[in-house]
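Residue numbering for the sequence shown follows the UniProt record's numbering, starting at 1 and increasing by one per position. For glycine and all other residues, C-beta sits at the position ideal for the given N, C-alpha and C. As structure tokens, the structure follows; a few thoughts come after it.
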Amino acid sequence: MSLDLATTRRIAKLARIGLEDAELEATRQKLNDILGWIDQLAEVDVEGVPPMVGTETEALRQRADKVTDGNCRDALLACAPETSGPFYTVPKVVE
Numbered sequence: 001m002s003l004d005l006a007t008t009r010r011i012a013k014l015a016r017i018g019l020e021d022a023e024l025e026a027t028r029q030k031l032n033d034i035l036g037w038i039d040q041l042a043e044v045d046v047e048g049v050p051p052m053v054g055t056e057t058e059a060l061r062q063r064a065d066k067v068t069d070g071n072c073r074d075a076l077l078a079c080a081p082e083t084s085g086p087f088y089t090v091p092k093v094v095e
């Protein structure tokens with residue numbers, strides 16, 4: 001399949017891409033290259049190849065829905081440069 005300039009102009013308009021007339025030929029060639037790659041993919045024999053596993057074929061693993069505070073306050077505060085009790089200490093920004 002090969003695109004002509006009128007079809008390229010229409011595709012650009014539908015995609016809301018502002019192309020100058022000087023850019024149309026280069027864009028047409030790039031689109032033709034993409035269509036060529038798609039034609040190559042259509043020629044690949046995938047008979048007997050199982051589909052890849054995706055979310056539509058496998059059930060998602062889910063954890064129990066429990067409310068928790070994480071119980072790791074000390075570990076989180078250990079990363080802070082300065083603390084005051086169970087809180088982060090930050091520089092004063094507004095006077």
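Per DSSP, reduced to three states, the secondary structure at residue 89 is coil, with no helix or strand assignment.
Residue pairing by DSSP places residue 84 opposite 87 in a beta bridge.
Between the alpha carbons of residue 15 and residue 43 lies a distance of about 28 Å.
Residue state for residue 73 is assigned as helix, using DSSP reduced to three classes.
Residue 7 sits in a helix when the DSSP states are folded into three classes. Sixteen is the threshold: when 16 or more other Cβ atoms of the shown chains lie within 10 Å of the Cβ of residue 28, as they do, the residue is buried. For residue 17, no alpha helix (DSSP H) run applies, since DSSP gives it neither H nor E.
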